[in-house]
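S.K.: Take this structure first; my questions come after.
In this note's numbering, the protein residues as written are 443 to 1082.
This is the structure we're talking about:
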């Protein structure tokens, strides 16, 4: 694997898109789609010189000289930049605690390690799996705290030297998302000081790339004592969000080779939702990797729950009413996946605290464990303008993936996928920000996602939207994926919708009035245009065939008439010939005199005919043939 070394934290200027304006980002996206300058100008409704100026500025920043290389670089740059922007957004979100010791629906991060309580036993088990097996697979239900355990529990313990030498290791946390290889490349680039594009190319081509990249581990030279701890959070996204079978297999092959290396330089840590755990077994090699350090994460014990409630309060220098702790423990019971509900309810209680004390009255007013999320979501929804409410429904449906036989899951959505505010619709960025301020959504520079699946479970309005629009949701998901694939493949005509699928999608879009993204509208428009062109070609071809068939039918009729006339003429000619022949024969017989016969007396045995002969014609014919005309009874013996 050829890893090119570069200077700077991000490797090369082409990966730093933060200096681009919003318009230049749009132009860069169109360059990646293979559009010409004129097409870019038409698409963005700007003049051609303005589009050329934007393209020139972008190409200069990318460091390329021709458009083909620029398009390829733009596609790679956008892939790795989207992944890195998400990571930057997550880290930034972790530092914005605003004084609250509870993160709400989002997971605890390394910045929250000082207020992360109640999981000491689980942290010890995870450390044991890493030390003994060189990997750990944390399996639990949604809301059991898998992400928080890795980010705020396991990694801080390893950085503190819980395993000999672990304080010198490098650590990466990623989620597969829709493009797992780009996600991994952007994380490796951040610690390797290597071009993310070069790493992405290597990851796509060589299953040894992850192991070889782990040799350096941020030190710049090979050292067998170093380790790279790679946490793959929400591992189920490898098939719930990534639909590229090739990427799935290559990602699994990279992990498998890294785990089989001697010495093992990469230590993978997986977090998987229990209800989707079995689905991962369909990918080759994944089952063997996951079972090696398997660890089932259940709900905390009552003592651990108490610590999770009171520990952050004490760490923040606050107080909590004893009756509030008891009420929360009663409300929680043994319900699995309730930790996000607990964190959100305590965060809402902290917001309406009395001085520095978290009170039971504030907890009840916030809605409690089961009602806090729904109450917060409804409060934000009620503050929206009428036009924003329809956009809110569309946004939430896009952020959710309906599984077959499984609970709905969250989905990360790029803002470019959402409808544009210039079309008279609400700005999706501002709309998402309102829910993010309530900690119901998490945002990065270019994307947004639900903070936790608990919002999907606990907000009745969202559940109602999902149930009512299940078929619409399915059509929208397929339309989004098809449009992305069409654009990624250079807008290949063969990728367009046809037939029943196009009819269903276009009918749904007209009926629902859905705010489609620019890419989805262009895809649907191109599909309808291609269908009209095919229908026109079919109609033209049908008319030509019909004219040809009519001409052939006329030719057949004419041929039949000609054949009938020819047959009639032939029969008539035959009749004429036969009549003429008979006529000639008759004339010939009448014009030819009878032959002169020899004297009958010279014939042997001649006798005069009896006058009683009754057949003179026969007698004459007998004479003409040279035979006697007498009958046997007329003959008499002649004495010689």
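The C-beta atom is built at its ideal place from N, Cα and C for all residues, glycine as well.
Keep in mind the model is a prediction, meaning the values are calculated, not measured.
CA-CA distance, residue 528 and residue 891?
M.R.: Note that residue 528 scores 46 on pLDDT, short of 50, meaning its location in the model is unreliable; the coordinates nonetheless yield the value given after this. C-alpha separation (whole angstroms): 10 Å.
S.K.: Identify whether residue 710 lies in helix, strand or coil by the three-state DSSP scheme.
M.R.: strand
S.K.: Could you pull out every residue in the same chain whose Cβ sits closer than 7 Å to the Cβ of residue 935, ignoring the five residues on either side in sequence?
M.R.: 972
S.K.: Closer than 8 Å is the cut-off here; do at least three beta carbon pairs connect the segment 545 to 555 with the segment 590 to 600?
M.R.: yes
S.K.: Could you tell me if residue 877 is buried or exposed, where buried requires 16 or more neighbouring beta carbons within 10 angstroms of its beta carbon?
M.R.: buried
S.K.: Does the beta-carbon of residue 721 have 16 or more other beta-carbons within 10 angstroms, so that it is buried, or is it exposed?
M.R.: buried
S.K.: Provide the residue span of the alpha helix (DSSP H) that contains residue 688, from first to last.
M.R.: 687 to 702
S.K.: Considering only the alpha carbon of each residue, which of 824, 473, 598, 482 lies closest to residue 501?
M.R.: 473
S.K.: Which term fits residue 578, buried or exposed, when burial requires 16 or more other beta carbons within 10 angstroms of its beta carbon?
M.R.: buried
S.K.: Could you check if residue 738 is buried or exposed, using at least 16 other CB atoms within 10 Å of its CB as the buried criterion?
M.R.: exposed
S.K.: What is the rounded straight-line gap between the Cα of residue 990 and the Cα of residue 642?
M.R.: 58 Å
S.K.: Could you pull out every unbroken alpha helix (DSSP H) segment of at least 4 residues lying fully inside the segment 775 to 820, listed in chain order?
M.R.: Counting whole runs of 4 or more residues, the segment 775 to 820 contains the alpha helix (DSSP H) stretches 781 to 793, 802 to 808.
S.K.: For my contact list, residue 696 and residue 652 are in at a C-beta cut-off of 8 Å; report their separation, rounded to the angstrom.
M.R.: Confirmed, about 4 Å.
S.K.: Whose C-beta lies closer than 7 Å to the C-beta of residue 549 among residues of the same chain, with five residues either side of it excluded?
M.R.: 589, 590, 593
S.K.: Could you check where the alpha helix (DSSP H) with residue 628 kicks off and where it finishes?
M.R.: 622 to 634
S.K.: Among 944, 690, 993, which one has its Cα closest to the Cα of residue 970?
M.R.: When only C-alpha atoms are compared, the closest one is 944.
S.K.: So is the beta-carbon of residue 871 under 7 Å away from any non-hydrogen atom of the ligand MG?
M.R.: In the structure on display, the ligand MG does not appear, and there are no ligands present to speak of.
S.K.: Would residue 814 and residue 849 be called neighbours here (beta carbons separated by less than 8 Å)?
M.R.: no
S.K.: Go to residue 871, then tell me how far its alpha helix (DSSP H) extends in each direction, as first and last residue.
M.R.: 870 to 879
S.K.: Any idea if residue 702 is buried or exposed, counting beta-carbon neighbours within 10 angstroms, 16 or more meaning buried?
M.R.: exposed
S.K.: Is it true that the segment 878 to 886 meets the segment 767 to 778, where meeting means three or more beta-carbon pairs spaced less than 8 Å apart?
M.R.: Judged by Cβ distances under 8 Å, the segment 878 to 886 makes no contact with the segment 767 to 778, as fewer than three pairs qualify.
S.K.: Can you check which of these residues, 964, 932, 961, 915, is closest to residue 946 by C-alpha distance?
M.R.: 915
S.K.: In the structure shown, what three-state DSSP assignment does residue 605 receive?
M.R.: When secondary structure is reduced to three states using DSSP, residue 605 falls in the coil class, being assigned neither helix nor strand.
S.K.: Exposed or buried, what is residue 871 when buried is set at 16 or more other beta-carbons lying within 10 Å of its beta-carbon?
M.R.: exposed
S.K.: Can we say the segment 786 to 801 touches the segment 821 to 832, given the rule of at least three CB pairs closer than 8 Å?
M.R.: Here the segment 786 to 801 makes no contact with the segment 821 to 832; the two share fewer than three CB pairs at distances below 8 Å.
S.K.: Which residue's Cα is closest to the Cα of residue 837: 750, 624, 856, 482?
M.R.: 856
S.K.: Check whether the segment 722 to 731 touches the segment 747 to 756, counting contact only when three or more Cβ pairs, one atom from each stretch, lie closer than 8 Å.
M.R.: Counting Cβ pairs under 8 Å, fewer than three are found: no touch.
S.K.: Can you give me the Cβ contacts of residue 685 inside the same chain, cut-off strictly under 8 Å, excluding the 5 residues immediately before and after it?
M.R.: 620, 923
S.K.: Which of helix, strand or coil does DSSP assign to residue 539?
M.R.: Caution applies to residue 539, whose pLDDT of 42 falls short of 50 and renders its modelled position unreliable; the model cannot decide the point.
S.K.: Give the secondary structure of residue 669 by DSSP, where H, G and I count as helix, E and B as strand, and everything else as coil.
M.R.: coil
S.K.: Helix, strand or coil: which one does DSSP assign to residue 1006?
M.R.: helix
S.K.: Could you name the residues of the same chain whose beta carbon sits closer than 8 Å to that of residue 773, not counting the 5 residues immediately before and after it, in chain order?
M.R.: 810, 811, 812
S.K.: Going along the chain, which residues of its own chain have a beta-carbon closer than 7 Å to the beta-carbon of residue 466, five neighbours each way excluded?
M.R.: 496, 499, 500
S.K.: Using a Cβ-Cβ cutoff of less than 7 Å, which residues in the same chain neighbour residue 584 once the five nearest sequence positions on both sides are dropped?
M.R.: So the list reads 715, 779, 849, 895, once near-sequence residues are dropped.
S.K.: Note down the Cα distance separating residue 494 from residue 487, rounded to an integer number of angstroms.
M.R.: 13 Å
S.K.: What separation, rounded to the nearest whole angstrom, lies between the Cα atoms of residue 902 and residue 609?
M.R.: 45 Å
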